[in-house]
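>
Residue numbers (this note's numbering): 34 to 407.
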């Protein structure tokens with residue numbers, strides 16, 4: 034057979050191989066898990082405790098917390114900022130503000146300087162669209178422009194702040210205009226207002242559930258009670274170990290005492306490691322990385338363990354560390370860890386007489402190495 038014939042036979046196979054590689058790479062760089070979670074993505078379990086030295090697993094939530102919680106605030110509500118800052122200092126809160134960008138500089142809209150100060154304090158500022166989807170606004174240019182222009186305006190006014198998540202505007206007309214398919218092109222997570230807890234293994238990332246305010250020991254709204262996060266039951270829709278996303282608008286002075294009691298309850302649960310209080314963005318980053326994670330123990334020696342951690346999400350937008358639990362020898366009294374040659378956070382804990390390391394690692398950033406410190 035001539036070299037030319039071989040070349041023509043080889044070319045289609047080579048092209049097919051390249052297409053397969055490209056498709057596989059695209060699958061590993063997903064912008065959002067946009068499919069409807071009709072069935073659980075994985076089996077929900079209690080905290081996992083690997084049974085052998087060298088065995089490892091990805092924790093359901095950061096720091097192996099039992100459940101997750103987020104506080105979000107819509108519509109700018111600048112008059113409440115001082116109260117929320119006071120609560121944040123007292124109870125170590127980090128809050129996500131979803132802002133309407135056309136309102137900034139007007140009344141309740143706050144100022145860009147004020148939003149920058151909140152961001153510098155550890156809070157997050159994300160999109161609630163440009164005009165709250167008001168089609169009568171003189172700057173209305175369509176639904177997709179409401180999404181993309183809000184991103185552009187916030188990032189231009191707040192250098193260093195990445196706008197990755199959206200809260201859909203509520204209201205009769207707005208509900209008809211909200212477009213999850215369009216939103217999924219531009220955001221990694223979108224918050225709705227269905228007042229239910231998000232099951233950890235069935236989160237709908239293009240329209241997450243969210244509960245108006247925190248509810249604690251509320252017999253009138255058992256479906257919205259944060260206590261359900263900590264209670265096992267056999268129901269299919271169990272909220273055990275789920276994600277409690279809450280949203281606020283104005284917090285009137287007459288209800289602030291009640292709301293502070295709820296915040297104090299949540300803070301105590303965080304202190305006990307029952308809850309991870311994460312920004313909305315952080316929770317959707319963590320959970321989508323976790324939902325698509327692939328963990329491999331590459332080697333396990335007495336003094337050193339090496340792991341590979343990958344996922345299927347877009348590395349440019351999904352860069353939040355997952356917590357990986359690794360069983361180590363009881364001889365380990367201290368641990369150091371690195372990923373891709375850079376030091377990462379790790380700590381030891383004991384459970385039922387066994388020793389474990391919790392290490393914070395970002396998928397697709399290189400092998401993770403844990404070593405016993407002398």
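Cβ coordinates follow ideal geometry from the N, Cα and C atoms, glycine included.
(1) In whole angstroms, what is the alpha-carbon distance linking residue 304 and residue 203?
(2) Span of the beta strand (DSSP E) holding residue 199?
(3) From this set, 286, 341 and 390, which residue's C-alpha is nearest residue 116's C-alpha?
(4) Taking residue 100 as the reference, which of 277, 386, 313 and 338 has the closest Cα?
(5) Do you know how far the Cα of residue 183 is from the Cα of residue 59?
(6) Can you name, in chain order, every residue of its own chain whose Cβ lies under 7 Å from the Cβ of residue 177, other than the five neighbours on each side?
(7) Could you spell out where the alpha helix (DSSP H) holding residue 184 opens and where it closes?
(8) With H, G and I counted as helix, E and B as strand and the rest as coil, what does DSSP make of residue 243?
(9) For residue 248, does the three-state DSSP call read helix, strand or coil?
(10) Just the Cα atoms here: how many angstroms apart are residue 231 and residue 320?
(11) Just how far apart, CA to CA, sit residue 110 and residue 296?
(12) Just checking my contact of residue 312 with residue 129 at CB under 8 Å: how many whole Å lie between their CB atoms?
(13) Name the two residues that bound the continuous beta strand (DSSP E) containing residue 86.
(14) Please look up how many angstroms separate the CB atoms of residue 149 and residue 191, rounded, as I've assumed it's under 8 Å.
(15) Should residue 322 be labelled buried (16 or more other beta-carbon atoms within 10 Å of its own) or exposed?
(16) Give the DSSP bridge partners of residue 132, in chain order.
(17) At what residues does the beta strand (DSSP E) containing residue 100 begin and finish?
(18) Roughly how many angstroms lie between the CA atoms of residue 279 and residue 222, to the nearest whole one?
(19) What does a CB cutoff of less than 8 Å around residue 377 pick up in its chain, not counting 5 residues either side in sequence?
(20) What's the C-alpha gap between residue 239 and residue 363?
(21) Taking the alpha-carbon positions, what's the residue 263 to residue 274 distance?
(22) Is the CB-CB distance between residue 107 and residue 200 below 7 Å?
(23) Suppose only complete runs of 4+ residues qualify. What are the alpha helix (DSSP H) ranges in the region 194-240, listed by chain order?
(24) Let me know if residue 142 comes out buried or exposed under the rule of 16 or more other beta-carbons within 10 Å of its beta-carbon.
(25) Starting from residue 329, trace the beta strand (DSSP E) in both directions and tell me its first and last residue.
(26) Can you tell me whether DSSP reads residue 300 as helix, strand or coil?
(27) Starting from residue 281, trace the beta strand (DSSP E) both ways and give me its first and last residue.
(28) Using 10 angstroms around the beta-carbon of residue 168, count the other beta-carbons present and answer buried if the total reaches 16, otherwise exposed.
(29) Tell me which same chain residues have a C-beta within less than 6 Å of the C-beta of residue 55, skipping the five on either side of it?
(30) Can you give the Cα-Cα distance for residue 388 and residue 350, rounded to whole angstroms?
(31) Would you kindly work out how many angstroms separate the C-alpha atoms of residue 119 and residue 171, rounded to a whole number?
(32) On the DSSP letters alone, give me the boundaries of the alpha helix (DSSP H) that residue 316 sits inside.
(33) Please tell me whether residue 163 and residue 135 are closer than 7 Å, where the distance is taken between their beta carbons.
(34) Only counting the same chain, and skipping five residues up and downstream in sequence, which positions put a Cβ closer than 7 Å to that of residue 300?
On the basis of the supplied data:
(1) Taking the straight line from one Cα to the other gives about 34 Å.
(2) Counting along the chain, the beta strand (DSSP E) containing residue 199 begins and ends at 198-200.
(3) Residue 116 has its Cα closest to that of 286, out of 286, 341 and 390.
(4) When 277, 386, 313 and 338 are compared, the shortest CA-CA separation from residue 100 is found for 277.
(5) Residue placement at residue 59 cannot be trusted, given a pLDDT of 48 that sits under 50; the coordinates are not used to answer.
(6) In chain order, 215 place their CB closer than 7 Å to the CB of residue 177, counting only its own chain and leaving out the 5 sequence neighbours on each side.
(7) Run containing residue 184: 176-190, per the alpha helix (DSSP H) assignment.
(8) In this structure, residue 243 counts as coil in the three-state DSSP scheme.
(9) When secondary structure is reduced to three states using DSSP, residue 248 falls in the coil class, being assigned neither helix nor strand.
(10) Near 11 Å, if we compare the C-alpha coordinates of residue 320 and residue 231.
(11) In this structure, the straight-line span from the alpha carbon of residue 110 to that of residue 296 is close to 19 Å.
(12) Indeed, because the Cβ distance is near 5 Å, the residues count as touching under 8 Å.
(13) First-last for residue 86: undefined, no H or E at that position.
(14) Between residue 149 and residue 191 the beta-carbon gap is near 6 Å, inside 8 Å, which marks them as a contact.
(15) The residue is buried, with at least 16 neighbouring Cβ atoms inside 10 Å.
(16) In the DSSP output, where bridge partners are listed per residue, residue 132 has 160.
(17) First-last of the beta strand (DSSP E) with residue 100: 100-107.
(18) Distance between the alpha carbons of residue 279 and residue 222: 15 Å.
(19) Contacts found: 354, 370, 371, 392, 393, 394 and 401.
(20) Cα-Cα distance, rounded: 44 Å.
(21) Distance from the CA of residue 263 to the CA of residue 274, rounded to the nearest whole angstrom, comes to 6 Å.
(22) Yes, the Cβ-Cβ distance between residue 107 and residue 200 is below 7 Å.
(23) Listed in chain order, they are 205-210 and 213-216.
(24) Flag for residue 142 reads buried.
(25) Per DSSP, residue 329 belongs to the beta strand (DSSP E) from 327-333.
(26) Reduced to three states, the DSSP call for residue 300 is helix.
(27) Note, residue 281: beta strand (DSSP E), 276-281.
(28) Answer is exposed; the Cβ neighbour count stays below 16.
(29) Residue placement at residue 55 cannot be trusted, given a pLDDT of 43 that sits under 50; what the coordinates show is reported in the next sentence. Once the five neighbours on either side are set aside, residue 55 has no close Cβ partner at all.
(30) Taking the Cα positions, residue 388 is about 33 Å away from residue 350.
(31) For residue 119 and residue 171, the distance between alpha carbons rounds to 37 Å.
(32) Note, residue 316: alpha helix (DSSP H), 313-324.
(33) Inclusion of residue 163 and residue 135 in the CB contact set at 7 Å is warranted, their separation being smaller than that value.
(34) So the qualifying residues of the chain are 124 and 125.
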